[in-house]
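Asker: Protein chains in written order, with this note's numbering: chain A, 10 to 456; chain B, 10 to 456; chain C, 10 to 456; chain D, 10 to 456.
One structure coming up, written as structure tokens, with questions to follow.
There are 4 protein chains.
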Amino acid sequence: MTVATQQPCDIKDAQLAPSGKKRILWADGDMPVLARIRQRFEQEKPLAGLRLSACLHVTAETANLARTLQAGGADLVLVASNPLSTQDDVAASLVHDFGISVFAIRGEDNDTYYKHIVAALEHEPHVTMDDGADLVSALIFVALERLDDVHTQVRAWAQKKARDERRRLIDQVVGSMEETTTGVNRLRAMERDGVLKFPVIAVNDAQTKHLFDNRYGTGQSTLDGIIRATNMLLAGRKVVVCGYGWCGKGVALRARGLGAQVIVTEVDPIRALEAAMDGLAVLPLAKAAPVGDLFITVTGNSGVIRREHFAKMHDGAIVCNSGHFDVEVDLKALETDGEQTANVRPNVDEYQLDDGRRIYVLGQGRLVNLAAAEGHPPSVMDMSFATQALTTEYCVKKKGKLEPRVHTVPAEVEEFVARHKLTSMGISIDKLTPEQKRYMSGWEQGT
Amino acid sequence: MTVATQQPCDIKDAQLAPSGKKRILWADGDMPVLARIRQRFEQEKPLAGLRLSACLHVTAETANLARTLQAGGADLVLVASNPLSTQDDVAASLVHDFGISVFAIRGEDNDTYYKHIVAALEHEPHVTMDDGADLVSALIFVALERLDDVHTQVRAWAQKKARDERRRLIDQVVGSMEETTTGVNRLRAMERDGVLKFPVIAVNDAQTKHLFDNRYGTGQSTLDGIIRATNMLLAGRKVVVCGYGWCGKGVALRARGLGAQVIVTEVDPIRALEAAMDGLAVLPLAKAAPVGDLFITVTGNSGVIRREHFAKMHDGAIVCNSGHFDVEVDLKALETDGEQTANVRPNVDEYQLDDGRRIYVLGQGRLVNLAAAEGHPPSVMDMSFATQALTTEYCVKKKGKLEPRVHTVPAEVEEFVARHKLTSMGISIDKLTPEQKRYMSGWEQGT
Amino acid sequence: MTVATQQPCDIKDAQLAPSGKKRILWADGDMPVLARIRQRFEQEKPLAGLRLSACLHVTAETANLARTLQAGGADLVLVASNPLSTQDDVAASLVHDFGISVFAIRGEDNDTYYKHIVAALEHEPHVTMDDGADLVSALIFVALERLDDVHTQVRAWAQKKARDERRRLIDQVVGSMEETTTGVNRLRAMERDGVLKFPVIAVNDAQTKHLFDNRYGTGQSTLDGIIRATNMLLAGRKVVVCGYGWCGKGVALRARGLGAQVIVTEVDPIRALEAAMDGLAVLPLAKAAPVGDLFITVTGNSGVIRREHFAKMHDGAIVCNSGHFDVEVDLKALETDGEQTANVRPNVDEYQLDDGRRIYVLGQGRLVNLAAAEGHPPSVMDMSFATQALTTEYCVKKKGKLEPRVHTVPAEVEEFVARHKLTSMGISIDKLTPEQKRYMSGWEQGT
Amino acid sequence: MTVATQQPCDIKDAQLAPSGKKRILWADGDMPVLARIRQRFEQEKPLAGLRLSACLHVTAETANLARTLQAGGADLVLVASNPLSTQDDVAASLVHDFGISVFAIRGEDNDTYYKHIVAALEHEPHVTMDDGADLVSALIFVALERLDDVHTQVRAWAQKKARDERRRLIDQVVGSMEETTTGVNRLRAMERDGVLKFPVIAVNDAQTKHLFDNRYGTGQSTLDGIIRATNMLLAGRKVVVCGYGWCGKGVALRARGLGAQVIVTEVDPIRALEAAMDGLAVLPLAKAAPVGDLFITVTGNSGVIRREHFAKMHDGAIVCNSGHFDVEVDLKALETDGEQTANVRPNVDEYQLDDGRRIYVLGQGRLVNLAAAEGHPPSVMDMSFATQALTTEYCVKKKGKLEPRVHTVPAEVEEFVARHKLTSMGISIDKLTPEQKRYMSGWEQGT
């Protein structure tokens with residue numbers, strides 16, 4: 010059931026709002042840095058007059074970011090960045106309790122997904138936020154007249170616009186924020202291809218973001234998703250983690266922390282060495298396939314677990330993904346070599362191969378932490394979203410002064426977020442003495 | 010809604026059966042040792058003619074034990090061992106898909122709980138199974154004419170019986186199995202008090218049980234319950250674990266494995282030393298109270314977290330229990346010094362103290378792994394319940410030959426369970442050579 | 010050089026005394042429980058008039074035990090329990106600074122080793138202490154006229170005695186203390202064989218001993234010995250730990266704590282399961298042999314690493330032992346299939362096999378923590394030796410009242426040691442409330 | 010005793026050469042990447058005609074680097090980079106077995122230290138190597154006529170040179186390699202000050218260096234040094250690690266891996282947050298001082314542990330440093346407030362404060378891993394020194410083309426080192442498929 014309210018929206022069920030509100034407020038209690046920014050935004054209104062389109066996972070944590078941007082004066086449209094990551098009750102509460110336009114329905118098909126992207130475009134944003142760069146991509150395709158490259162929903166909408174209306178879509182963009190590794194990779198590719206016509210802040214690359222959110226957030230929530238989906242004991246299992254970037258490190262750390270025997274696969278020799286020296290087994294996936302009980306992809310790449318690997322897995326092997334897009338596990342190969350026989354538990358699909366072996370896929374190969382659990386805990390999103398809010402303010406202040414390329418998060422934003430997070434955790438730290446500052450800036454003193 | 014079927018039962022909703030069946034069969038896939046025993050039982054029927062009353066957590070894993078006992082020929086009644094641990098869909102499936110009598114409804118009040126105990130008594134069991142010794146206690150109270158000590162439901166039922174009928178309740182008991190530490194403690198106290206009139210097997214004390222179920226099972230599932238209830242990030246939190254027995258060790262290990270800073274409280278100096286040498290902080294609870302973010306009791310004792318501790322906790326502290334009974338956290342103290350203000354999430358109740366501080370209690374102070382998650386994973390219950398099934402068979406075979414006291418699990422049962430579990434995990438191990446056997450049994454050879 | 014002093018002794022070099030004294034006093038600073046006992050012993054002299062022969066590793070920690078026994082009034086002879094574990098400077102200081110009879114020279118041959126055992130026998134002890142049961146074995150062989158079974162040195166000495174003098178050797182023994190798992194195994198075998206004619210206290214089996222000394226002591230010191238011998242980086246190495254008892258658990262824990270990828274071999278299925286659920290690889294040794302970089306035996310058995318395993322190891326594999334006797338690694342097989350080619354570093358011998366592969370053996374296959382490092386740290390020996398001192402006092406007090414069998418350490422000794430160790434670490438713990446004591450001793454209260 | 014040989018040298022004792030040679034060859038067995046480079050260098054002689062002065066820790070690992078540079082054709086002088094880190098037997102072997110000029114004596118005073126620096130300058134190097142930038146600093150001071158800033162030994166030597174001879178010292182430098190964080194910090198300060206007149210490669214900043222050497226190398230060897238010095242049990246100790254950079258992370262990881270309860274102090278909020286989320290306690294040093302049992306500085310800064318901290322430590326606290334320079338622990342404060350009372354063990358000095366408390370300082374506050382143990386294990390130095398060798402070759406090839414500033418290590422060097430290290434460990438990894446390469450370089454494909 011889709012409901013209509015005062016502000017435009019497309020959500021599952023307005024009646025879910027009370028449950029969503031509880032969830033949002035509970036999360037808010039664990040997001041003190043963002044709350045502090047929201048309080049200042051309410052008074053200073055630094056985003057007044059700003060149209061902002063955000064394409065993010067619609068969760069309780071994102072809701073608190075949305076509330077903060079709204080408090081700063083932004084006119085906000087929020088759409089889903091993934092068909093399977095929306096919390097419908099949160100979406101309902103955002104619309105009904107907080108008056109924010111939301112277009113997001115859990116389990117929406119691709120058509121609906123892109124209809125929602127259109128809603129974000131239609132808003133003609135000054136600032137965009139992405140988690141995976143789908144919104145910015147659509148914007149650029151449309152504005153640069155590459156209408157063959159966009160989804161039909163977007164094309165249909167774009168064709169109704171005049172050429173300069175389409176062009177205006179990017180001309181009026183003051184800046185864009187990108188939340189995840191995959192999105193930053195895409196944006197750097199855009200920069201290389203010369204199509205990036207406005208400044209983008211790589212929020213993902215902030216230390217206060219990727220060192221924490223990607224590692225501790227993805228680490229815990231991925232295992233959480235797996236356990237909720239399967240109720241499997243991790244102790245004693247052979248868990249194959251594909252990719253040993255920040256997310257992969259977090260996933261491996263937590264899998265080991267739960268008693269699993271972790272095997273890492275990598276394509277980068279330095280990361281592979283790190284994994285080995287962290288005491289983990291490192292194997293090519295072809296050799297890991299027959300021994301693994303559980304496989305988790307976190308590479309940011311496509312086609313990681315393929316037909317040749319499924320062919321070697323033992324009966325009952327469990328496969329899931331915690332990378333941004335659902336391209337890491339090649340489900341088509343499974344469908345070709347066998348068939349989907351049952352949904353044996355919520356978020357657990359059984360595929361039976363021609364030789365009788367069964368492979369279980371969690372959350373349809375989408376981000377398992379969002380499909381089968383609640384995504385990253387608020388405490389860690391506090392840091393990522395505080396950075397989002399502050400870099401948005403930074404873009405607005407620097408309007409017209411930032412070059413059209415991928416920028417890093419300003420050091421003072423990182424410093425602010427880290428210091429206030431520490432304070433909220435009741436932790437105080439040392440300060441450099443004047444002598445130490447002098448020592449660190451000099452070079453004359455040696456042995 | 011309570012349904013009626015052919016066999017006597019009291020469950021929530023028969024229509025939940027399909028979901029419960031999925032869950033049972035999924036768990037079965039991870040319980041290979043029990044499945045192997047079930048296959049043999051089907052052929053040999055070692056429990057034929059036996060009435061068996063089991064008072065256990067009614068979960069998917071227990072369902073597979075019930076199926077195994079049934080396969081062995083037992084006439085089985087299953088009742089809940091905790092008001093908040095029943096999986097209603099599993100109960101429904103047991104009744105409707107497997108034809109087993111179940112009396113268990115999640116969230117049942119104490120009256121209903123004891124009505125269900127009465128159903129177990131009414132069955133006049135030859136063998137009983139307990140998880141906490143509630144069924145055996147009731148049996149003994151009734152048979153020994155201590156009707157003042159039993160719940161009114163039990164008393165009312167007992168009073169309808171003749172004295173020798175009551176006495177027969179224990180006279181015909183061949184043996185009893187006890188699953189948990191708390192229950193074994195109670196049974197040893199009964200033995201000391203001279204009221205234990207039939208043999209009891211301390212299944213909990215089997216190495217194949219407590220080294221695994223209590224440690225890895227409770228460890229993972231407790232943290233799982235906490236995360237499902239709160240979605241809190243464990244990394245960086247100060248987690249106070251009260252009790253460093255096998256369960257406490259497991260909980261501390263997993264909390265640390267998820268990045269928490271663990272503080273242990275103990276009353277036993279040897280366990281306290283172990284915790285310290287495991288690199289954990291050890292404090293009296295009075296000193297841990299003001300610093301902890303999350304408190305978990307796993308002591309098997311009562312009144313562990315009390316008024317004086319709540320008085321020192323910081324605003325927002327979270328409290329839960331993973332010990333057998335809901336007596337470890339003194340909720341009455343919270344209610345006296347403040348009031349329950351809200352249910353902020355499923356399984357999260359907020360108590361506001363008079364000074365404004367808020368304390369959050371998970372799962373009403375009952376076993377958080379069963380209240381807020383699915384209890385121990387099947388893989389570990391496989392071992393515990395394989396032991397249950399085999400010791401039941403052992404009791405029957407030894408009928409009349411076991412003294413009326415608490416017995417340990419026979420070594421050959423432990424050996425069987427451990428060996429087949431290893432096999433199911435694809436692990437093979439070394440064998441002693443004849444020379445080594447000789448060396449180990451001799452003493453003559455020295456330096 | 011062997012020196013003569015007032016009291017009988019056989020040590021390496023008296024001039025090493027100053028270095029040994031430093032070492033003894035430094036260790037003493039980390040043995041507060043033993044120091045406390047020593048102070049009381051000095052006043053109460055509970056061992057006055059007692060002849061005591063101790064066959065222990067002659068290290069700084071043992072020196073402080075010897076000082077404590079001496080303070081208690083005992084007339085003490087200390088001999089080595091292992092040819093390669095004596096710290097010659099400590100031996101020298103014990104003789105010259107503390108006036109204690111010591112017979113122990115690092116690297117002594119078997120003849121000298123047993124000459125020293127003779128010195129311990131010659132002392133005609135009322136109480137003995139063993140670390141491996143060599144002294145007790147010799148005593149029993151001699152007293153029971155099994156002179157064919159003893160070393161020639163012992164036989165020669167025994168033959169000079171009259172029969173009843175030999176018999177008196179055991180008749181006057183009040184009690185004996187045994188420090189290590191291997192020794193307790195031998196003593197239980199003696200008990201089964203009916204040759205144990207006096208009471209023995211299994212100090213090793215005390216919780217305050219084996220949970221700490223065997224696990225944390227052996228764990229750290231074994232890795233310490235390996236690193237001192239080889240300077241190898243543990244991170245990223247495949248370390249095969251043979252045996253997952255308390256010592257093996259400690260070694261595996263520390264190897265993993267240093268970044269190694271640990272593989273466990275076992276013969277006991279329950280221990281093998283524990284290792285697997287602790288997240289370690291478990292393999293039969295035949296499969297671990299080709300992949301291991303470092304092999305450590307801690308089984309208490311003989312012939313663990315054999316010809317068939319050496320045959321599969323890769324060139325450069327390193328092998329060592331941390332079990333009590335030097336029988337776990339079959340050096341003869343290495344010598345038969347190849348030859349000892351070089352001592353490449355102190356405590357590292359190279360064996361070249363016929364096919365050119367090189368195997369490195371540390372500390373001649375003797376306890377690597379004592380051969381290549383300093384043995385267990387004083388902090389943990391504090392607990393073991395406090396228990397030794399108190400059980401010695403206990404034996405004396407119970408003179409004539411203890412049956413001639415293997416006894417466990419009294420609970421009050423364990424309690425004393427644990428409580429005072431905690432205090433010395435600045436740790437205080439909770440006490441049971443009266444309500445809790447009542448709850449724990451009752452059984453009536455249930456759900 | 011200082012010996013004279015054909016090539017100029019200043020070493021402790023030529024007769025130590027045999028022991029040193031053993032050590033060098035043993036280390037060589039664990040440095041396969043460097044060995045591979047050495048083989049190529051022997052054939053290609055890429056460093057022919059090059060004078061090279063290296064100021065490094067004179068250890069077995071460095072000896073294998075020196076052999077490699079020599080094999081490449083370099084005319085090499087090696088001097089100590091720290092008064093307490095030289096292995097005298099290695100120095101002797103380098104001179105006598107390998108014909109390399111070495112100026113380094115363990116325990117040399119500052120005058121001798123700088124006489125050795127003069128020997129390195131006198132060599133008029135084309136390429137320099139530093140571990141802490143002492144050689145480059147001296148070079149620049151002299152060449153830029155800042156003779157007031159240099160040690161008297163250097164000044165005396167410089168004053169004998171003509172001005173253009175002094176200037177030539179930097180004019181003929183093709184490039185310089187820097188091995189450690191502290192040195193890179195100094196070089197960046199030089200670059201800021203405009204005094205860096207030749208290109209420097211920050212070898213320390215290579216991923217194949219700092220991710221491994223600083224973390225796993227410093228981690229293990231620091232704890233190794235502490236244990237050798239003290240024989241203390243780490244389990245249960247409160248270990249304060251000052252600094253959570255790569256070295257600090259490694260030290261904290263290993264301390265925890267040995268069972269310690271780790272407390273981190275930091276000045277950087279992001280690193281402090283990382284430590285907290287890694288489950289460690291984070292405190293200002295003033296609060297950590299009274300609780301710590303062992304303090305380890307790894308900050309790269311000066312004056313970290315100061316009078317105010319000593320004032321709060323408990324009796325018996327142990328203090329050491331694993332940062333590059335001996336300025337992190339303020340020994341003068343200890344001497345002012347108390348006195349050095351004894352050397353209680355090798356590398357352990359006791360300081361008694363006026364109030365009677367004793368503080369123990371390890372290795373005189375110099376790098377404890379080199380003062381009390383053997384420094385980083387060869388396996389990890391293999392990577393660092395392979396990078397040194399290859400960047401030296403790179404500098405020579407790029408002669409005249411690199412700007413006079415701090416450069417990073419070329420990616421192909423990192424790739425080579427990582428790939429061959431993996432190979433030597435028997436690890437193979439995955440390769441990107443053509444589809445994956447395409448996916449990673451594109452941006453068009455989204456949801």
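Think of the CB as a built atom: it goes at the ideal place given N, C-alpha and C, for glycine as much as any other residue.
(1) For chain A, check one thing: does any of its Cβ atoms lie closer than 9 Å to the Cβ of Gly245/C?
(2) Using the C-alpha atoms, what's the distance from Asp39/D back to Gly455/B?
(3) CB-CB under 6 Å to Val336/C, same chain, minus the five flanking residues each way: which ones, in chain order?
(4) What residues are listed by DSSP as bridge partners for Val249/D?
(5) Take the Cβ of Glu444/D as the centre, count every other Cβ of all protein chains shown within 10 Å, and call the residue buried at 16 or more, exposed below.
(6) Just verifying my parser: in three-state terms, what is the DSSP assignment at Thr442/B?
(7) Residues bridged to Gln361/B by DSSP?
(8) Going along the chain, which unbroken runs of the beta strand (DSSP E) with 3 or more residues stay wholly within the region 28 to 116 of chain C?
(9) Could you pull the DSSP bridge partners for Ser331/D from this structure?
(10) If you follow the alpha helix (DSSP H) that Thr137/D is part of, which residue opens it and which one closes it?
(11) Are any of the Cβ atoms in chain D nearer than 9 Å to that of Asp180/B?
(12) Measuring alpha carbon to alpha carbon, tell me which residue in Cys404/C, Asp173/C, Ala142/C, Thr442/C is nearest His333/C.
(13) DSSP on His416/A, reduced to helix/strand/coil?
(14) Which residue wins for smallest C-alpha separation from Ala295/C, given the options Leu282/C, Ile272/C, Met286/C?
(15) At the level of alpha carbons, what is the spacing between Lys206/C and Tyr369/C?
(16) Could you spell out where the alpha helix (DSSP H) holding Val209/C opens and where it closes?
(17) Taking Cβ positions only, does Met10/D come closer than 9 Å to chain C?
(18) Could you spell out the range, first to last residue, of the alpha helix (DSSP H) harbouring Ser437/A?
(19) Tell me, please, whether the CB atom of Trp35/B is closer than 9 Å to any CB atom in chain C?
(20) Determine the DSSP secondary structure at Ala23/A, reduced to helix, strand or coil.
(21) Taking 8 Å as the limit between beta carbons, can you name the residues of its chain near Val353/D, skipping five residues before and five after?
(22) Verify the CB distance criterion: does Leu78/D have a CB-CB separation below 9 Å to chain B?
(23) Would the beta-carbon of Phe84/D fall within 9 Å of that of Leu61/D?
(24) What does the Cβ neighbour count give for Thr396/B, buried or exposed, with the cut at 16 atoms within 10 Å?
Answerer: So, from the listed chains and residues:
(1) Against the third sequence, residue 245/C aligns to sequence position 236. Interface residue (Cβ-Cβ distance to chain A less than 9 Å): Gly245/C is classified as such.
(2) Translated into the one-based positions of the second sequence, residue 455/B becomes position 446. Translated into the one-based positions of the fourth sequence, residue 39/D becomes position 30. Straight-line Cα distance between these residues: approximately 37 Å.
(3) Within the third sequence, the letter at position 327 stands for residue 336/C. The answer, listed in chain order, is Ser311.
(4) By 1-based counting over the fourth sequence, the position of residue 249/D is 240. DSSP links Val249/D through a beta bridge to Ile272/D, Phe304/D.
(5) For the purposes of this step, residue 444/D is taken as residue 435 along the fourth sequence, with counting starting at 1. The residue in question, Glu444/D, is exposed, as its Cβ has fewer than 16 Cβ neighbours within 10 Å.
(6) In the second sequence, the residue the question calls residue 442/B occupies position 433. Coil.
(7) Stepping through the second sequence from its first residue, residue 361/B is reached at position 352. Per DSSP, Glu348/B, Arg367/B.
(8) 60 to 65, 84 to 89, 110 to 112
(9) Mapped onto the fourth sequence, residue 331/D falls at position 322. Beta-bridge pairing links Ser331/D to no other residue.
(10) Counting from 1 along the fourth sequence, the entry for residue 137/D is found at position 128. Not the alpha helix (DSSP H): Thr137/D falls in the beta strand (DSSP E), residues 136 to 139.
(11) In the second sequence, counting from the first residue as 1, residue 180/B sits at position 171. Taking Cβ atoms only, chain D never reaches closer than 9 Å to Asp180/B, which makes this a no.
(12) Here residue 333/C refers to the residue found at position 324 when the third sequence is read from its first residue. Each of Cys404/C, Asp173/C, Ala142/C, Thr442/C was checked against the Cα of His333/C, and the nearest Cα belongs to Ala142/C.
(13) By one-based count along the first sequence, residue 416/A stands at place 407. Looking at His416/A - three-state DSSP - the assignment turns out to be strand.
(14) Numbered from 1 along the third sequence, position 286 holds the residue referred to as residue 295/C. Taking only the C-alpha atoms, the option nearest Ala295/C is Ile272/C.
(15) Within the third sequence, residue 206/C is the residue found at index 197, counting from 1. Within the third sequence, residue 369/C is the residue found at index 360, counting from 1. If you draw a straight line from the Cα of Lys206/C to the Cα of Tyr369/C, it is about 43 Å long.
(16) Locating residue 209/C in the third sequence gives position 200, counting from the first residue. From DSSP, Val209/C is part of no alpha helix (DSSP H) but of the beta strand (DSSP E) over 209 to 211.
(17) Translated into positions along the fourth sequence, residue 10/D becomes position 1. Any reading at Met10/D needs caution, since the residue's pLDDT is 36, under 50, leaving its predicted position unreliable; the model's value is listed next. False, the Cβ-Cβ gap to chain C never drops below 9 Å.
(18) Residue mapping note: residue 437/A aligns to position 428 of the first sequence, counting from 1. First-last for Ser437/A: undefined, no H or E at that position.
(19) Against the second sequence, residue 35/B aligns to sequence position 26. With respect to chain C, the C-beta atom of Trp35/B has no partner C-beta closer than 9 Å.
(20) Reading the first sequence from its first residue, position 14 is the one you call residue 23/A. DSSP places Ala23/A in helix when its eight states are reduced to three.
(21) As a first step, residue 353/D must be located in the fourth sequence, where it is residue number 344. Excluding sequence neighbours, Val353/D sits near Glu359, Tyr369.
(22) The count along the fourth sequence starts at 1 and reaches residue 78/D at position 69. With 9 Å as the cut-off, Leu78/D does not count as an interface residue toward chain B.
(23) Translated into the one-based positions of the fourth sequence, residue 84/D becomes position 75. Translated into the one-based positions of the fourth sequence, residue 61/D becomes position 52. Strictly speaking, residue 84/D in this sequence is Asp, with Phe absent from that position. Yes, they are a contact pair.
(24) As a working mapping, residue 396/B is identified with position 387 in the second sequence. Thr396/B should be labelled buried.
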